[in-house]
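In what follows, a structure is listed as C-alpha cells, so that the remarks can point back to it.
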DNA sequence: GGAAAGCGTTGGGCGACCCAACGTTGTGAG
DNA sequence: CTCACAACGTTGGGTCGCCCAACGCTTTCC
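Written out as C-alpha cells, the structure is:
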C-alpha cells in the first residue's frame, strides 16, 4: 500500500538528457559546497589554483585558462585583492596588463578551500565507489576535451 | 616553433574536481542548446515532459518532480500558459491547487524542443563514442540517485 | 472553532554567463 | 611617423537558475 512519500522521479525525457544530468550534478555539488564555504570560494579557488600552477598571469590569461569572461575575472581578482590573497600590479613590459600573483595568505586560503572542496566532493559522489568515480571523471574529462578553447 | 595558440589547460586542481567538470559540461551544454533555441525552452521542456508523462499535476507536484522551487514553477507555468501550451485551472477537489495540463500545442512544442535538445546533446557529446556515452549517462544517474528528493 | 500546514504568488538576493561600451596602451602597415 | 587596429581592464547591463521570506487563500486536523 501507498508508499508514504511516492518516489517522485523526474520524467524519462529529462533523465535521458546528459546535459540535464550534468546540470543536476553541478547544482547538487554547489549545495554540498555551500555547506562548507561561501559559494564565491569556487571562483576564488579557480583563480588561485591557476596562479599557483602557472605563476603570475594577466587577467585575460586567467580568463582564457579558466573559461571565464574578462568581466567576471575582474570582479574575482578585485575580491581576492581586497581580501589580501593576491597582489595586482601593472606589468612594466606591457602596461595594458595586470600581473596577478598569489601571496602566502592566498596559498593558505587555497589549501583551505581545497580541503572543503574535497569534503563536498566526497558527499557529492557518495553513491559511487572508487572505480566508478575514476570512470566518471575520465569520461567527463574526455567530453570536455572536445570543447577546449571554445568561447571564453 | 611555438604552438601558435598555446594549450591553455585549466589548472590540475580544477580538473580534479568532478563538481567542476560537471559544471563545465553543463554550461557547454547550455551553449549548444542556445544555438538551437532560447534557453527558456529548457524549463519549458522539463515541465512539459513531466505533464506528458504523469498527466495533469499541481505546480507544487511539478516542483517536487523536477527539483524546482514553487516560485520558479509559477513563472514557467505562466509563460507556458501565455504561449498557449498549457491549460491551468483550479482543482475543484482542492481549490488551493492549480491543475496544469498540456494541450496539443504544448505537445507539438515539446517534440520540437526534443529535436533541438537531441541536436545539442549530440554536439555536446561529440567526443565520446556510443559506449562511452552510455557509461557516462549511467554513472551520472547513479551519482544523482544518492541525492534524490533532497531539497526542492 | 481555531491552529497548523499546504498552495500559488510576488519580491528580492545571489552567482554564473554573456554582450556592449569606454579609455588606455601596445602593434603593425602604409 | 602616423594612424588605424587590436588587446587589456573596467563598468554597466541583461538573462537564467537557485534560494529565502512573506502574503492571502484553502484545507486539514485536533
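Chains as they are written, first to last, in the numbering used here: chain B, 257 to 408; chain Y, 257 to 408. Glycine is no exception: its CB is placed at the ideal position from the N, C-alpha and C atoms. Model, not experiment: these values are computed from the prediction.
Along chain B, in chain order, which residues have C-beta atoms closer than 8 Å to that of residue i?
| i | result |
| --- | --- |
| residue 321(Y) | 264, 265, 266, 267 |
| residue 395(Y) | 384, 388, 391, 392, 395 |
| residue 295(Y) | By Cβ distance, chain B contributes nothing, its closest Cβ being about 12 Å from residue 295(Y), past 8 Å. |
| residue 309(Y) | 267, 268, 269 |
| residue 292(Y) | Going along chain B, no residue has its Cβ under 8 Å from residue 292(Y), so there is no contact; the nearest lies around 12 Å. |
Let's test the definition: count the other Cβ atoms within 10 Å of the Cβ of residue i and tell me whether it reaches 16, buried, or not, exposed.
| i | result |
| --- | --- |
| residue 219(B) | A question about residue 219(B) goes unanswered here, because the residues of chain B that appear run from 257 up to 408. |
| residue 378(Y) | exposed |
| residue 260(Y) | Annotation note: pLDDT 41 at residue 260(Y) (below 50); position unreliable, coordinate value reported separately. Exposed, since its Cβ has fewer than 16 Cβ neighbours within 10 Å. |
| residue 258(B) | Bear in mind that the predicted position of residue 258(B) carries a pLDDT of just 35, short of 50, making it unreliable; the figure below should be weighed with that in mind. Classification for residue 258(B): exposed. |
| residue 362(Y) | buried |
| residue 290(Y) | exposed |
| residue 394(Y) | exposed |
| residue 364(Y) | exposed |
| residue 352(B) | exposed |
| residue 268(Y) | exposed |
Return the residue from the list the options that minimises the CA-CA distance to residue i.
| i | options | result |
| --- | --- | --- |
| residue 303(B) | 289(B), 293(B), 319(B), 288(B) | 319(B) |
| residue 349(Y) | 280(Y), 326(Y), 314(Y) | 314(Y) |
| residue 332(B) | 391(B), 307(B), 382(B), 264(B) | 307(B) |
| residue 281(Y) | 356(B), 373(B), 323(B) | 323(B) |
| residue 338(B) | 359(B), 399(B), 395(B) | 359(B) |
| residue 288(Y) | 265(Y), 374(Y), 340(Y), 391(Y) | 374(Y) |
| residue 293(Y) | 321(Y), 278(Y), 266(Y), 376(Y) | 376(Y) |
| residue 312(Y) | 346(Y), 328(Y), 327(Y), 285(Y) | 346(Y) |
| residue 265(Y) | 317(B), 391(B), 269(B), 265(B) | 317(B) |
| residue 330(B) | 356(B), 309(B), 351(B) | 356(B) |
| residue 321(B) | 334(B), 305(B), 344(B) | 305(B) |
| residue 285(B) | 405(B), 381(B), 401(B), 396(B) | 381(B) |
| residue 398(Y) | 399(B), 402(B), 391(B) | 391(B) |
For residue i, return the contacting residues in chain B, with the cut-off set at a CB-CB distance below 7 Å.
| i | result |
| --- | --- |
| residue 377(Y) | 273, 274, 275 |
| residue 403(Y) | 284 |
| residue 381(Y) | 274, 399 |
Cβ closer than 9 Å: which chain B residues qualify as neighbours of residue i?
| i | result |
| --- | --- |
| residue 302(Y) | 266, 267, 269, 270, 276 |
| residue 336(Y) | By Cβ distance, chain B contributes nothing, its closest Cβ being about 15 Å from residue 336(Y), past 9 Å. |
| residue 360(Y) | Ordered by position in chain B, no residue passes the 9 Å Cβ test against residue 360(Y), which lies about 18 Å from the chain. |
| residue 357(Y) | Correct list: empty, because the minimum Cβ distance to chain B is about 15 Å. |
If the cut is a Cβ gap below 7 Å, which residues of chain Y does residue i touch?
| i | result |
| --- | --- |
| residue 339(B) | The premise fails here: residue 339(B) is roughly 19 Å from chain Y at the closest Cβ pair, so nothing lies under 7 Å. |
| residue 281(B) | 278, 396, 399, 400 |
Along chain Y, in chain order, which residues have C-beta atoms closer than 9 Å to that of residue i?
| i | result |
| --- | --- |
| residue 316(B) | Correct list: empty, because the minimum Cβ distance to chain Y is about 11 Å. |
At a CB-CB cut-off below 8 Å, which residues of chain Y make contact with residue i?
| i | result |
| --- | --- |
| residue 306(B) | 266, 267, 270 |
| residue 373(B) | 273, 275 |
> Along the chain, which unbroken stretches of the alpha helix (DSSP H) at least 4 residues long are found entirely within the stretch 309–365 of chain Y?
Replying inline: Complete alpha helix (DSSP H) runs here, min 4: 315–322, 326–338.
> Counting Cβ pairs, one atom from each stretch, are 3 or more of them under 8 Å apart for the stretch 297–313 of chain Y and the stretch 362–369 of chain Y?
Replying inline: Flag = yes, the stretch 297–313 of chain Y and the stretch 362–369 of chain Y touch.
>> I want to know whether the stretch 383–390 of chain B touches the stretch 261–277 of chain B - three or more CB-CB distances under 8 Å.
In response: Segments in contact, no.
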